[in-house]
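Using my numbering, the final residue of the sequence shown is 316, and nothing's skipped along the way.
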Amino acid sequence: MNQQNLSQTRVIDPILTEVARGYGAPNARIANILFPIVSVGARAGTILSFGPDSFRLVNTARAPGANTKRIKLGYDSGKYALVDHRLEGEVPIEHEEEADAVPGIDLGSMAVNTVQDVMGNEREKLAADLALNPANYAPSNKTSLSGTSKWSDPASDPISDINDAKEVVRSKIGKKPNVLEVGPRVLIALRNHPKILDRISTTVDRVPATIEQLQRLLEIQTIVEGEATYHDGTEFKDMWGLDALLAYTTPASMQRRGSPNFGYTYQLKDRPIVEEPYFEKNPQTWYYPVSDAYQPVLVGATAGFLFTGAAAPAA
C-alpha cells in the first residue's frame, strides 16, 4: 500500500492535530536549534550538502563567443530514511467524570501535549547522542579536555579554547559558529570562571556571569544550556552531559540554499498528526494516538566543534 493510501485510511482529528503542531515541543529545545526541522514529502531521499563554492574566486569575465563558466551547488552526501514514531495518550473515564465532561478539547489537549512532551524528550536524546558523538567529527573539529584544561578548573582558559575553536570552524566553512551548547555543569563552570569574571567585572563581591554577558564576551549569538534529563531506570541523567558544542546553524525557514549548516531534522510533511480518539470498554479509557515521522541528520560536522569533558562531574 503506498503512502497516499496509508494516509487515507487514517481518520485525523484536525483540532487536536493543530494542538500537536502548535505545541512547540519544549523538551526538544536544543534539537530544534542544532537540527532545525525541514519538511519533506518522502520517507526516504538524498541528503544534499554544500561545499565552499559560494566563497570561491571565479573570474567571471567572458570574451565574445566564449563559454560561460559554471559552478555546481550541492552534492549527494548520503541518504536519509525517516523513522516512524507513535504514542498514545490515555484519558480514563474517571477523569472524565471528575471533570464533569466528556473527553473534549481540554482533556484531549492535555493528553496530546503530554504525549508531545514524551516524544520531544526522545527527539532531544536522539539529537544529543548524534551531536556529542566524537566519532562524527574530524580530529581538527574536536578536543578532549582533562585535568587543569577542564573549564571547571580555575587554571584553564575557556575564552582561548572557544576562540580557537571558532577559528577552526570559520576556516572550514567560511562562517563563525553562532551557537554554543553547554551541559548544566559546563555552564556553571563558565559563569564562575575567574578568567571570565575578570573580563566582565572589577568588583570584589562578584556574582556569576549571566548568559547574556557570556554571549557578549565570547561573541556568540546564542548560548544555550542543555537542561533536558532522562531517567535510566536508576537515576536522572543530563542528556547533554559534561560536554560543549560550537556550531553554525540557522532555522530552516531562514536557510539560503547553498549555505552550510550543522544539521537538520527531516520530518514528513504535515506531521505530527493526531488520529481520531477511540474508546476501549475494558479499561474504560479514551486513547489519543499521536504519530510523527522524522530523522535528525548531522549534515555538516565541519560546521561544529566538540569539547568533550569540558567540566568535571559533581563531587
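Built from N, CA and C at the ideal position, the CB exists for glycine as well. Note that the coordinates shown come from a computational prediction; the quantities given were computed from them, not determined experimentally.
The Cβ neighbour count for T266, taken over all protein chains shown within 10 Å, is at least 16; the residue is labelled buried. Of the candidates A190, F306, G310, A190 places its Cα closest to the Cα of S153. Distance from the CA atom of D85 to the CA atom of I48, rounded to whole angstroms, is 19 angstroms. In the three-state reduction of the DSSP assignment, D165 falls in the helix class, which pools H, G and I. The segment 179 to 229 contains, as complete beta strand (DSSP E) runs of 3+ residues, the segments 180 to 183, 223 to 226 (chain order). The three-state secondary structure of P290, taken from DSSP, is strand.
Under the three-pair Cβ rule at 8 angstroms, the segment 238 to 252 counts as touching the segment 178 to 188. No Cβ-Cβ contact shorter than 9 angstroms links L83 with R30. Ranking P185, A210, R186 by CA distance to the CA of K196 puts A210 first. In chain order, P37 place their CB closer than 7 angstroms to the CB of P252, counting only its own chain and leaving out the 5 sequence neighbours on each side. Annotated as distal: N137 and A32, with beta-carbon spacing of 9 angstroms or more. Under the DSSP definition of a beta bridge, Y81 partners with G46. In this structure, F306 is the residue among V225, S292, P290, F306 with its C-alpha nearest to the C-alpha of R171.
Here DSSP, grouped into helix, strand and coil, assigns T309 to strand. Taking each of V113, N114, D130 in turn and checking the Cα distance to T309, the smallest one comes out for D130.
Shown here for Y279: same chain residues with a beta carbon closer than 6 angstroms to its own, the five before and five after excluded, namely Y288 in chain order.
A straight line joining the alpha-carbon of I94 with that of N122 spans about 27 angstroms. As DSSP reads the structure, A245 sits in a beta bridge with V183, F308. For D271, the closest alpha carbon among the candidates K282, A311, V291, F263 is that of V291. Here E125 carries a helix assignment [DSSP, helix/strand/coil]. Taking S141 as the centre and dropping the five residues before and after it, the same chain places the C-beta of V169 closer than 7 angstroms to its C-beta, in chain order. Under the three-state reduction of DSSP output, G301 falls in the coil class, being neither helix nor strand. Proximity to I160 across R217, R207, N114, N283 peaks at R217, based on C-alpha coordinates. DSSP, reduced to helix, strand and coil, places S172 within a helical segment of the structure shown. For L108, the three-state secondary structure derived from DSSP is helix.
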